[in-house]
Amino acid sequence: MQHGLSYEDHLPVRWVAGPVPEAEGTRTRLEEENEQALRALALLEERLPERPAEGGGEEHAQPAAQELARVEAKLNLILALVGQLVARDRAVPPARPVRLGADGLSWEAEGPVPAPGERGLVEVYPVPRWPQPLRLPARVVAVEPVGEGRHRVCVHYEAMGETAREALEKLVFRHHRRSVARARHLAQEGPPEGA
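Using this note's numbering, you'd call the opening residue of the sequence shown number 1191 and step up by one each time.
As structure tokens, this is what we get:
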């Protein structure tokens, strides 16, 4: 149902049925929250170079890189702990199979599902250790059965500002690139022994 780049993952996602925010102040606040969340996610996903740049100063760069890696590991631990505390206070939905794209999202749902044409907000946590969801105005474009009592719900985003759209495109690109690299790595290694 989606066009363009997307990736698959198991992520917490929730559909909140209801009118898409129309009031300018509410819409602006929602847009700012999404932009802030996307900036935070980009920072969380930044990676330090695995080795110092070639050329002079390599002997000095190594201890500095090790120190930065140690500080980054400590910050990641703090973020994980804070994320767990916030998630405990916030009702984070369960993770489920999701396809996340820059123009829409689909997920597997059990039980009652929204109807095609329904409008609302889709809340998705692209990085589960960061407990702030993206809250994206959307419209249900399809509901497809995938098994007994399970459906794939497909939504298309509505009313997304340019800054948030560009940041979401970058997030999707990073995750798509990682999933392709992971698949290539697994293909080169072959199946695990005994499989």
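Glycine included, every Cβ here is placed at the ideal spot set by N, Cα and C.
Practice problem: Can you give me the Cβ contacts of residue 1366 inside the same chain, cut-off strictly under 6 Å, excluding the 5 residues immediately before and after it? | Solution: Excluding residues within five positions, the ones whose Cβ falls inside 6 Å are 1195 and 1197.
Practice problem: Just the C-alpha distance for residue 1299 and residue 1257, rounded to the nearest angstrom, thanks. | Solution: Those two C-alpha atoms are separated by around 44 Å.
Quiz item: Which residue's Cα is closest to the Cα of residue 1292: 1326, 1376 and 1333?
Solution: 1326
Practice problem: Just the C-alpha distance for residue 1261 and residue 1252, rounded to the nearest angstrom, thanks. | Solution: 14 Å
Exercise. Could you tell me which residues DSSP pairs with residue 1235 in its beta bridges?
Key: Under DSSP, residue 1235 forms no beta bridge with any residue.
Quiz item: Helix, strand or coil for residue 1202 per DSSP?
Solution: strand
Self-check item: At least 3 beta-carbon pairs within less than 8 Å: the region 1307-1325 vs the region 1343-1361
Solution: yes
Self-check item: residue 1356 - DSSP class collapsed to helix/strand/coil
Solution: helix
Self-check item: residue 1348, DSSP secondary structure in three states
Solution: coil
Quiz item: Grouping DSSP H, G and I as helix and E and B as strand, with all else coil, what is residue 1340?
Solution: Shown here, residue 1340 sits in a strand according to DSSP, grouped into three states.
Exercise. Whole angstroms is fine: what's the gap from residue 1349's alpha carbon to residue 1364's?
Key: Put simply, the backbone Cα of residue 1349 is about 23 Å away from that of residue 1364.
Quiz item: Any idea what DSSP makes of residue 1327, helix, strand or coil?
Solution: It is a strand residue.
Self-check item: Among 1362, 1340, 1202 and 1207, the one whose alpha carbon lies nearest that of residue 1301
Solution: 1340
Quiz item: When DSSP labels each residue in this structure, what does residue 1333 get in the three-state scheme?
Solution: strand
Self-check item: beta strand (DSSP E) segment containing residue 1300, residue limits
Solution: For residue 1300, the enclosing beta strand (DSSP E) has its first and last residue at 1294-1300.
Practice problem: Please name the residue in 1379, 1354, 1375 and 1374 whose C-alpha comes closest to that of residue 1226. | Solution: 1354
Quiz item: Along the chain, where does the beta strand (DSSP E) that runs through residue 1280 open and close?
Solution: Residue 1280 -> no beta strand (DSSP E), and no H or E assigned at all.
Exercise. Take residue 1344 and list the residues in its own chain whose beta-carbon comes closer than 6 Å to its own, dropping the five residues that flank it on each side.
Key: 1191, 1296, 1331 and 1332
Quiz item: Cα separation between residue 1216 and residue 1283?
Solution: 24 Å
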